[in-house]
Amino acid sequence: MSTIASLDALRARREEILARQKARNGKIVINVSLATCSIAAGGKVALEAMQDEVALNGIANVEFMQSGCMTFCYAEPTVEITLPGKAPVVFGGVDEAKARELVTEYVMKGEPVEGIIPVTYERVVL
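Here numbering that gives the first Met the number 0 is used: the first residue of the sequence shown is 0, the next is one more, and so on.
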């Protein structure tokens, strides 16, 4: 990643990020954690299985993302799925079979799938 050396460069980077986020509107976003612990637990296998299942089912409005640590090391591999108009849902222990189930049941049908990690993205002020 390059260094941001000026306020104008920071503003340009902000606009670039906002444009990318706006382009995601209406898309299903699948974010797979690929931190060291996730890779060791099979995160790459889960990502490849989900990509394969999306292709097999001809789902066109999916964007895959890869992230670092989601802070759920005990539940790796973890996958966050955001359906259009809904809050993100994080799933843990996603092996190849669970990855395929997430696509066929949650992504395609909106049905709950076992393995949800309770997460709130609300800021807590003490």
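In this text, a Cβ means the ideal position worked out from N, Cα and C, and glycines have one as well.
Would you report the Cα separation of VAL53 and GLU47, rounded to the nearest angstrom?
Counting from 1 along the sequence shown, the entry for residue 53 is found at position 54. Counting from 1 along the sequence shown, the entry for residue 47 is found at position 48. Approximately 10 angstroms between the Cα atoms of the pair.
With distances taken Cα to Cα, identify the nearest neighbour of VAL106 among LEU33, VAL31, THR81.
For this step, residue 106 is matched to residue 107 along the sequence shown. Closest by alpha carbon: THR81.
Could you tell me whether the stretch 30–48 touches the stretch 61–77, where touching means 3 or more Cβ pairs closer than 8 angstroms?
Yes: the two stretches touch, three or more of their Cβ pairs being nearer than 8 angstroms.
Give the secondary structure of THR77 by DSSP, where H, G and I count as helix, E and B as strand, and everything else as coil.
By 1-based counting over the sequence shown, the position of residue 77 is 78. DSSP places THR77 in coil when its eight states are reduced to three.
Taking the alpha carbon of ASN56 as the reference point, which residue from ARG99, LEU9, MET64 has its own alpha carbon closest?
On the sequence shown, residue 56 is found 57 positions in, with the first residue counted as 1. The option with the nearest alpha carbon to ASN56 is ARG99.
Looking only at its own chain, which residues have a Cβ that is under 6 angstroms from the Cβ of PRO76, when we skip the five neighbours before and after it?
Residue 76 sits at position 77 when you count from the first residue of the sequence shown. Answer for PRO76: SER37, ALA40, GLY41, GLY42, ALA45, VAL93, listed in chain order.
I'd like the list of long-range same chain contacts for GLY109, defined as Cβ closer than 6 angstroms, with 5 residues on each side in sequence excluded.
To locate residue 109, count along the sequence shown from 1; it is residue 110. Hits under 6 angstroms: none found.
Out of curiosity, what's the CA-to-CA distance linking ASN24 and PRO83?
Here residue 24 refers to the residue found at position 25 of the sequence shown. Here residue 83 refers to the residue found at position 84 of the sequence shown. For ASN24 and PRO83, the distance between alpha carbons rounds to 7 angstroms.
Residues in its own chain within less than 8 angstroms of ILE116 by CB, not counting five upstream and five downstream?
The residue labelled residue 116 in the question sits at position 117 within the sequence shown. Excluding residues within five positions, the ones whose Cβ falls inside 8 angstroms are PHE71, ALA74, THR77, VAL89, PHE90, GLY91.
Enumerated in chain order, which unbroken segments of the alpha helix (DSSP H) with a length of 4 residues or greater are wholly contained in the stretch 0–51?
For the stretch 0–51, whole alpha helix (DSSP H) runs of length 4 or above, ordered along the chain, are 6–22, 35–40.
Buried or exposed for LYS97, going by 16 or more other Cβ atoms inside 10 Å?
Sequence index remark: in the sequence shown, residue 97 carries index 98 (1-based). LYS97 should be labelled buried.
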